[in-house]
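Q: So the sequence lines, in the order shown, correspond to chains S and D.
Note that our numbering has the first sequence beginning at 1, numbered continuously upward.
Note that our numbering has the second sequence beginning at 1001, numbered continuously upward.
Structure below; questions to follow.
There are 2 protein chains.
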Amino acid sequence: MSGRAVYAKGIAKREAILSAALDVVATHGYRRASVREIADAVGLSPAGLLHYFDSKEELFTAILRARDERDGLMFDSAGGRSFTADDGAGVRPEKAIETFLAVLRHNAAVPGLVQLYAQLSAEVADPDHPARAYFLERTEHAERIAVLWVSRAQEEGLFRADLDPAWIVRTLHALADGLQPLWLLDPELDMAAHVGQFIELLKPVPPAPER
Amino acid sequence: MSGRAVYAKGIAKREAILSAALDVVATHGYRRASVREIADAVGLSPAGLLHYFDSKEELFTAILRARDERDGLMFDSAGGRSFTADDGAGVRPEKAIETFLAVLRHNAAVPGLVQLYAQLSAEVADPDHPARAYFLERTEHAERIAVLWVSRAQEEGLFRADLDPAWIVRTLHALADGLQPLWLLDPELDMAAHVGQFIELLKPVPPAPER
DNA sequence: GTCTATATCGCGATAGAC
DNA sequence: GTCTATCGCGATATAGAC
């Protein structure tokens, strides 16, 4: 019983730290988001914080992981069966596209997270960055499922069938990621609308009322 | 006379430092590219190095600036008149596209630079990052000229005329940038081919031999 | 298990001697 | 133009208090 209570307290603290870290990133920016600042914000010493997360990088990775989880749930609830179940079988392609754009739209409300993601996705170029494994798995997982959706979209005539599904998915991924630093420099940029425009390009050409 | 010699020596030293910095980034990665390491590589003390560049960030910005200059020259020599002259008037659209892809192809040979660029383009999200102004100007300049080229490409029937040139340019920019972190994680990825595929999508639809 | 205090080490940067 | 010395700050390992 007491073990459970202690455990529960630890979980709660972890989440308090995650939330405080995100706050600090959002307020002071990634560069000034030191372990000290975050520890202060949550009322802990730096060492106390590192009792819950082995390193600063692991803390930040955990934030992104939590975000992915929440986004995954959006796909789940949009379509019935699961993103998390690893095959995305129950999600209809239109719903998946719509949800993807909704996630991008939501991103525009959380610049701190966007900055954190952009930062880490660049940092993991380093072969022994602690978050590298996470990014590799995340990319592999997300792209594999997205390819299934895109293929289905092509079968159903929603997307042009002459394009490589893997190419489409990679392009959506790279485009969405690449827009983020540009948006951080220019908040006027509407990332979701921009990607939506690209998706229009993927739709089959109408019978051409040419002449 | 002696003033001139000293100046030339200073210039040479600056370039030696730039080159050493790039080496260190390429070899040890951006994270370990400390001022100390770079200073060692060029046979200087950290303070001695900072005589030439006021800060680490300025040094890295200078590297990217030098790269941009070289890339700009590629556009110049590809088309006659100048990228640098600010209007790109003399460059033919096909040549510009070809040169753009050549730059991407070249990037695959310099992962250190690519990592540095990805890193900095994320860092400048911070409103008072020293390289922020550089990135803002660079984006503004490059996109303005690229819009001219794309517009001309549309007038000449090379690209679909129903797409917003500014959207095309932004997409090319974001796509090229977004592919870079993905490529750093997966060297199999052919960035130039990938973007080339997108450019295919921009070409006018043929008269549709539909039925 | 939770947390603080302390210590270490590497970093970028500055001041001032040469 | 370049060094040495030094500062302040960052992350984090360790010891041990509760």
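Don't be surprised by glycine CBs; every beta carbon is placed ideally from N, CA and C.
In angstroms with no decimal places, state the Cα-to-Cα distance between D1177 (chain D) and V195 (chain S).
A: When rounded, the separation of the alpha-carbon atoms in D1177 (chain D) and V195 (chain S) is 15 Å.
Q: Sorted by chain position, which residues of the same chain lie with C-beta nearer than 6 Å to Q1119 (chain D)'s C-beta, five sequence neighbours on each side aside?
A: Y1030
Q: In the DSSP assignment, the alpha helix (DSSP H) including G178 (chain S) goes from what residue to what residue?
A: Segment 165-185, the alpha helix (DSSP H) holding G178 (chain S).
Q: So L185 (chain S) contacts chain D; which residues on that side make the cut at Cβ distance below 8 Å?
A: V1124, A1125, R1132, F1135, L1136, T1139
Q: Note down, in chain order, each residue of its chain lying with its Cβ closer than 6 Å to the Cβ of I38 (chain S), except the 5 sequence neighbours on either side.
A: A20, A21, V24
Q: Are the C-beta atoms of L111 (chain S) and some chain D residue less than 9 Å apart?
A: One point to set straight first is that residue 111 (chain S) is Pro, not Leu, in the sequence displayed. So, interface residue.
Q: Where does the unbroken alpha helix (DSSP H) through H1194 (chain D) begin, and where does it stop?
A: Residues 1191-1202.
Q: Can you pull the chain S neighbours of D1177 (chain D), defined as C-beta to C-beta under 9 Å?
A: Those are A174, D177, G178, L179, P181, L182, listed as they occur along chain S.
Q: Is it true that the CB of F198 (chain S) sits closer than 9 Å to the CB of L172 (chain S)?
A: yes
Q: Restricting to Cα atoms, I'd like to know which of D:F1100, D:P1181, D:D1164 is closest to A1193 (chain D).
A: D:F1100
Q: Any beta-carbon of chain D closer than 9 Å to the one on D71 (chain S)?
A: no
Q: Which residues in the same chain have their Cβ closer than 6 Å to the Cβ of R1152 (chain D), if we skip the five residues on either side of it in sequence?
A: P1093
Q: Using only the alpha-carbon positions, how far apart do R144 (chain S) and S77 (chain S) sit?
A: 19 Å
Q: Check for me: the alpha helix (DSSP H) holding R1138 (chain D) runs from which residue to which?
A: Its alpha helix (DSSP H) spans residues 1132-1155.
Q: Can the beta-carbon of Q154 (chain S) be found less than 9 Å from the beta-carbon of A1122 (chain D)?
A: Against a cut-off of 9 Å, the Cβ pair of A1122 (chain D) and Q154 (chain S) comes out as no contact.
Q: Applying the 10 Å Cβ sphere with the 16-neighbour rule, what's the burial state of L1182 (chain D)?
A: buried
Q: One question on the structure: do A16 (chain S) and V35 (chain S) come within less than 9 Å of each other, judged by their Cβ atoms?
A: no
Q: What do you reckon, are the CB atoms on L1202 (chain D) and R1160 (chain D) nearer than 9 Å?
A: When the beta-carbon positions are compared, L1202 (chain D) and R1160 (chain D) come within less than 9 Å of each other.
Q: Excluding five sequence neighbours on each side, which residues of the same chain lie with their C-beta closer than 6 Å to the C-beta of A1217 (chain D)?
A: The structure shown does not extend to residue 1217 (chain D), since chain D is modelled only from 1001 through 1211, so no value can be given for it.
Q: Within the same chain, show all residues whose beta-carbon is closer than 6 Å to that of P204 (chain S), passing over the 5 residues directly before and after it, in chain order.
A: R160
Q: State yes or no: is the beta carbon of W1167 (chain D) nearer than 9 Å to at least one beta carbon in chain S?
A: yes
Q: Can you tell which of S:R105, S:L113, S:F75 has its C-alpha closest to the C-alpha of L18 (chain S)?
A: Closest in alpha carbon position to L18 (chain S), among S:R105, S:L113, S:F75, is S:L113.
Q: For A1066 (chain D), which residues from the same chain have a beta carbon less than 8 Å from its beta carbon, with the 5 sequence-adjacent residues on both sides left out?
A: L1018
Q: Leaving aside the five residues before and after S1055 (chain D) along the sequence, list all residues of the same chain whose C-beta is less than 7 Å from its C-beta, in chain order.
A: Counting only Cβ-Cβ distances below 7 Å, and skipping sequence neighbours, we find P1130.
Q: Give the C-beta separation of A1174 (chain D) and P1111 (chain D) to the nearest angstrom, bearing in mind that I take them to be a contact with Cβ-Cβ under 8 Å.
A: Actually they do not touch by this definition, with Cβ atoms about 20 Å apart.
Q: Leaving out five residues on either side along the sequence, give the residues of the same chain with a beta carbon under 7 Å from the beta carbon of L46 (chain S).
A: Per the sequence shown, residue 46 (chain S) should be read as Pro rather than Leu. Cβ within range, chain order: V35, R36, A39.
Q: List the residues of chain D whose Cβ lies closer than 7 Å to the Cβ of L201 (chain S), in chain order.
A: L1201
Q: Buried or exposed: which applies to Y52 (chain S), given that a residue is buried once 16 or more other Cβ atoms fall within 10 Å of its Cβ?
A: buried
Q: Of all the options D:A1062, D:A1033, D:K1095, which has the alpha carbon lying nearest to the alpha carbon of I1011 (chain D)?
A: D:A1062
Q: Look at A1146 (chain D) and A1096 (chain D) and say whether their C-beta atoms are less than 9 Å apart.
A: yes
Q: List the endpoints of the continuous alpha helix (DSSP H) containing A66 (chain S).
A: 56-79
Q: Name the chain D residues that come within less than 7 Å of A118 (chain S), Cβ to Cβ?
A: A1122, A1125
Q: Specify the secondary structure class of Y7 (chain S) as computed by DSSP and reduced to three states.
A: helix
Q: Name the chain D residues that come within less than 8 Å of H106 (chain S), Cβ to Cβ?
A: What H106 (chain S) touches in chain D: nothing, since even the nearest Cβ is about 18 Å away.
Q: For the alpha helix (DSSP H) holding A1122 (chain D), just list the boundary residues, first then last.
A: 1111-1123
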